[in-house]
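Written out below as structure tokens is the structure these notes cover.
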């Protein structure tokens, strides 16, 4: 008998040889909750990792979605982020889960995703330095933890807290895409520039929404000598 | 709580120091300590410290008193400056209580009383710098109670309420309502408990008015707790209309009521966790319903929320076995309202054989007796609710029904994001047949309604669920004779008991 990491209902795992031999992960969510999450699998945007099946054909061109084409046409942002990959579709249920984690402060929820993230992403980050997107100190105090750091720490690779958020600002979720793209100045700063020279860096965050946070962070890292920057998030 | 952020130096913390102040051992938040030579720790690691005695000459902040009186709040929930809070503590007006208590076998949350091991977790905390800051996951929806967060309570003088609370309601009570209303009003000011056992449609809200008015004018603090948000939303405007001069607040998951000193609180049972020794009169609505009836920590919350001298009023249409037994033995005083407000008897369910309905569904068919009823229902111009045992059956049945009738059919379940919209459009007649799981068994009142249960022999339907389901029909005076049909594959004990229950109530009503 286990308890679901999200809804606390007791449930029993279905037994299988794969589980017994360690080839599959023990489920940490009950079947009801797990069923409401949608793993990103299949035809995705090569750049931002979003699932093509979820939006109309006219918003894509070849392997890319229109949003990414816009980013790559912008002189300032072209080639900054190598690629993003995400675990789940950012649907209503995942929004609920992340809200409970972030705004209610239920840090434990993140543990439900560690093993899935490890098995899905290992090949992407095996030779990279993991860098979580930081919070401002004020937000960090309010929450008590940084959700991106919690996700990064569960991936089984060294995590480097190389970034610092120097500007405390409104929650990203309260802004429009245009406001996010036009943001003046970069809110991030690299703390130990010598540590990243020639490194491949994988940024970790909870959600990729417009990609502007991740690109801002990638930019300061490249400016201080990082070789490449890509990113992994829980939701897209 | 406001914390002055000193330009992102990252040294703002939630740790505490215990030191001697005027010869008394005193707790001080680290950020208020000027002396650098201290050893700050998470709150739960402080040794137990006696509260300061009340300093009668201290000028307390009425604003803080009104926010904190009768509550247990986190520092984050109090808008006052930390200095002001600390002053009140040092003068005996506020108390810091540990958020989590270390017990012999683990932890206990001081707010929700949770002791279950799997509902505690820990994280590396930016506030107290502890690598394993333990917190309670049970009541996290109200803000995190952790090892490093104290819960604050008010230990100064009580809030005084004004005693002008005239009731604006001028309706009339039925004979049965009058008896219950008088009995309740008579008990106001006493300690003890009372069960009002009122059939569905008896009009129990009106029964409360006189007692509430009396309690308000005696300066008592009142809470009406109900298990469901829908009911809070429905009752709040009715009570505000009945008592226009009284301060009333409603609390439910997601409500953003300001912390203010209201005299009458309408709350979901879960939100009772917020209160501490607050109420002199606590009315527990639908005392038999989920989750109050079997959640031990909620019963504890009731205990925590009431003042040492208090009166508990229970309301139910279908009291649990143990409550009925206590009432019968005379241990629990009880008033019954066996008659509906309009005076007509409760509709008695009719059993209709529908054969092996599960097998038929597998073959994509509905039982023929059910189809026959559907067709006559569709032409009658009346609405019907069709209760089914599960969400998966609901979807299949709704789809199959559409093949047989022309009228608009829809379905709704507890987690349907369009739940409110669908129920509304059923209420105003846009949907004629609504297939649903047992979530709509209570509270929903729709005129010109018939009720059917599909697969009534399924184990999920209890006696009380059936009584509540049957209680949806015939609620208005003009349409007191709604139909109630149980389609089944073999009578269950719950079905038989429910019918006996209804017949018994109707018999008592005639007496």
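Residue numbers (this note's numbering), protein chains in the order written: chain F, 1 to 236; chain V, 237 to 747.
Ideal Cβ positions, reconstructed from N, Cα and C, are used throughout, including at glycine.
Next on the checklist: Counting only Cβ pairs nearer than 8 Å, list the residues of chain V close to residue 145/F.
Outcome noted: Locating residue 145/F in the first chain gives position 145, counting from the first residue. Near residue 145/F (Cβ distances below 8 Å), the residues of chain V are 359, 360, 361 and 362.
Item to check | Members of the region 503-517 of chain V that neighbour chain F once the beta carbon cut-off is set at 8 Å | outcome: none
Checklist entry - Under a Cβ-count criterion, where at least 16 other Cβ atoms within 10 Å of its own Cβ denotes burial, should residue 49/F be classed as buried or exposed? => result On the first chain, position 49 is the one that residue 49/F refers to. With 16 or more other Cβ atoms within 10 Å, it is buried.
Checklist entry - Out of curiosity, what's the CA-to-CA distance linking residue 459/V and residue 519/V? => result Taking the second chain and counting its residues from 1, the one referred to as residue 459/V is at position 223. Taking the second chain and counting its residues from 1, the one referred to as residue 519/V is at position 283. Rounded to the nearest angstrom, the two C-alpha atoms are 6 Å apart.
Next on the checklist: Between residue 458/V and chain F, is any beta-carbon pair separated by less than 8 Å?
Outcome noted: What you label residue 458/V is simply residue 222 of the second chain in a count that begins at 1. It does not: the Cβ of residue 458/V has no partner Cβ on chain F nearer than 8 Å.
Item to check | Secondary structure, alpha helix (DSSP H): runs of 4+ residues fully inside the region 240-317 of chain V | outcome: 298-304
Item to check | N-terminal and C-terminal residue of the alpha helix (DSSP H) that residue 516/V is part of | outcome: Against the second chain, residue 516/V aligns to sequence position 280. Here residue 516/V belongs to no alpha helix (DSSP H); instead the beta strand (DSSP E) covers 515-520.
Next on the checklist: In the DSSP assignment, the beta strand (DSSP E) including residue 165/F goes from what residue to what residue?
Outcome noted: Along the first chain, one-based indexing puts residue 165/F at 165. Unbroken beta strand (DSSP E) run through residue 165/F: 163-165.
Item to check | Interface flag, residue 355/V vs chain F, CB-CB below 8 Å | outcome: As a working mapping, residue 355/V is identified with position 119 in the second chain. Yes, its Cβ sits closer than 8 Å to a Cβ of chain F.
Next on the checklist: Measuring only the C-alpha atoms, how far is residue 358/V from residue 336/V?
Outcome noted: Walking along the second chain from the start, residue 358/V turns up at place 122. Walking along the second chain from the start, residue 336/V turns up at place 100. Approximately 12 Å between the Cα atoms of the pair.
Next on the checklist: Given this structure, state the Cα-to-Cα distance separating residue 132/F from residue 642/V, to the nearest angstrom.
Outcome noted: For the purposes of this step, residue 132/F is taken as residue 132 along the first chain, with counting starting at 1. For the purposes of this step, residue 642/V is taken as residue 406 along the second chain, with counting starting at 1. So the alpha carbons of these two residues sit roughly 57 Å apart.
Checklist entry - Bridge partners of residue 130/F, per DSSP? => result As a working mapping, residue 130/F is identified with position 130 in the first chain. DSSP output for residue 130/F lists 159/F and 202/F as bridge partner(s).
Checklist entry - For residue 381/V, which of 630/V, 250/V and 264/V has the nearest alpha-carbon? => result Against the second chain, residue 381/V aligns to sequence position 145. Minimum Cα distance to residue 381/V is reached at 250/V.
Item to check | alpha helix (DSSP H) runs contained entirely in the region 681-724 of chain V, provided each spans 4 or more residues | outcome: 699-706
Checklist entry - Just curious, the beta strand (DSSP E) that residue 471/V is in, first and last residue? => result As a working note, residue 471/V is residue 235 in the second chain. Premise fails: residue 471/V lies in the alpha helix (DSSP H), 465-478, not in any beta strand (DSSP E).
Checklist entry - Along the chain, where does the alpha helix (DSSP H) that runs through residue 445/V open and close? => result Taking the first residue of the second chain as position 1, residue 445/V is located at position 209. First-last of the alpha helix (DSSP H) with residue 445/V: 440-453.
Next on the checklist: Here's the rule: buried if 16 or more other CB atoms are within 10 angstroms of the residue's CB, otherwise exposed. What is residue 331/V?
Outcome noted: Position 95 of the second chain, counting from 1, holds the residue named residue 331/V. Counting Cβ neighbours within 10 Å, residue 331/V comes out buried, since at least 16 surround it.
Item to check | Contacts of residue 251/V in chain F (Cβ-Cβ under 8 Å) | outcome: Counting from one through the second chain, the residue named residue 251/V turns up at place 15. Near residue 251/V there are no residues of chain F at all, since even the closest Cβ is about 12 Å away, more than 8 Å.
Item to check | Residues of the region 104-125 of chain F whose Cβ lies closer than 7 Å to any Cβ of chain V, in chain order | outcome: 104, 105, 106, 107 and 108
Checklist entry - From residue 727/V to residue 588/V, what distance separates their C-alpha atoms? => result Within the second chain, the letter at position 491 stands for residue 727/V. Within the second chain, the letter at position 352 stands for residue 588/V. If you take the alpha carbons of residue 727/V and residue 588/V, they lie about 10 Å apart.
Next on the checklist: Do residue 234/F and residue 237/F have their beta-carbon atoms positioned less than 8 Å apart in this structure?
Outcome noted: Lying before the first or after the last residue shown, residue 237/F is absent from chain F, which here runs from 1 to 236.
Checklist entry - Under the three-state reduction of DSSP, which class applies to residue 32/F: helix, strand or coil? => result The residue you call residue 32/F lines up with position 32 of the first chain. The answer is helix: DSSP assigns residue 32/F an H, G or I state.
Checklist entry - Can you tell me whether DSSP reads residue 61/F as helix, strand or coil? => result Locating residue 61/F in the first chain gives position 61, where the first residue counts as 1. Residue 61/F: strand per DSSP, three-state reduction.
Item to check | For residue 67/F and residue 59/F, the rounded distance between their alpha carbons | outcome: As a first step, residue 59/F must be located in the first chain, where it is residue number 59. As a first step, residue 67/F must be located in the first chain, where it is residue number 67. Cα-Cα distance, rounded: 8 Å.
Checklist entry - residue 362/V to residue 638/V, Cα distance in whole Å? => result For the purposes of this step, residue 362/V is identified with residue 126 of the second chain, where counting begins at 1. For the purposes of this step, residue 638/V is identified with residue 402 of the second chain, where counting begins at 1. Taking the straight line from one Cα to the other gives about 57 Å.
Checklist entry - At a Cβ threshold of 8 Å, is residue 11/F touching chain V? => result One-based indexing of the first chain puts residue 11/F at position 11. Chain V, which has no Cβ nearer than 8 Å to the Cβ of residue 11/F, makes this no.
Checklist entry - Checking contacts by CB at 8 Å: is residue 454/V closer than that to chain F? => result What you label residue 454/V is simply residue 218 of the second chain in a count that begins at 1. Cβ-Cβ to chain F under 8 Å: no for residue 454/V.
Item to check | Selected residue, minimal CA-CA separation from residue 146/F, among 96/F, 105/F and 166/F | outcome: Numbered from its first residue, the first chain carries residue 146/F at position 146. Per the Cα distances, 105/F.
Checklist entry - Between residue 151/F and residue 110/F, which are expected to be in contact by the criterion C-beta below 8 Å, what is the C-beta distance as a whole number of angstroms? => result Against the first chain, residue 151/F aligns to sequence position 151. Against the first chain, residue 110/F aligns to sequence position 110. Yes, residue 151/F and residue 110/F are in contact; Cβ-Cβ is about 6 Å, under 8 Å.
Next on the checklist: Using a Cβ-Cβ distance cut-off of 8 Å, determine whether residue 3/F contacts chain V.
Outcome noted: Taking the first chain and counting its residues from 1, one reaches residue 3/F at position 3. Judged by the 8 Å Cβ criterion, residue 3/F is in contact with chain V.
Checklist entry - Assuming residue 514/V contacts residue 307/V under a Cβ cut-off of 8 Å, what Cβ separation, rounded to an integer in Å, is found between them? => result Translated into positions along the second chain, residue 514/V becomes position 278. Translated into positions along the second chain, residue 307/V becomes position 71. Indeed they touch by this definition, with Cβ atoms about 7 Å apart.
Checklist entry - According to a CB-to-CB cut-off of less than 7 Å, which residues of the region 375-405 of chain V neighbour chain F? => result 376, 377 and 380
Checklist entry - Does the beta-carbon distance from residue 720/V to residue 700/V come in below 8 Å? => result On the second chain, residue 720/V is found 484 positions in, with the first residue counted as 1. On the second chain, residue 700/V is found 464 positions in, with the first residue counted as 1. Not a contact, by the Cβ cut-off of 8 Å.
Next on the checklist: Less than 8 Å between CB atoms is the rule here; does residue 6/F satisfy it with respect to chain V?
Outcome noted: As a working note, residue 6/F is residue 6 in the first chain. No, residue 6/F does not count as interfacial toward chain V.
Checklist entry - Three or more beta-carbon pairs under 8 Å between the region 546-558 of chain V and the region 710-724 of chain V, yes or no? => result no
Checklist entry - Can we say the region 562-574 of chain V touches the region 425-433 of chain V, given the rule of at least three CB pairs closer than 8 Å? => result yes
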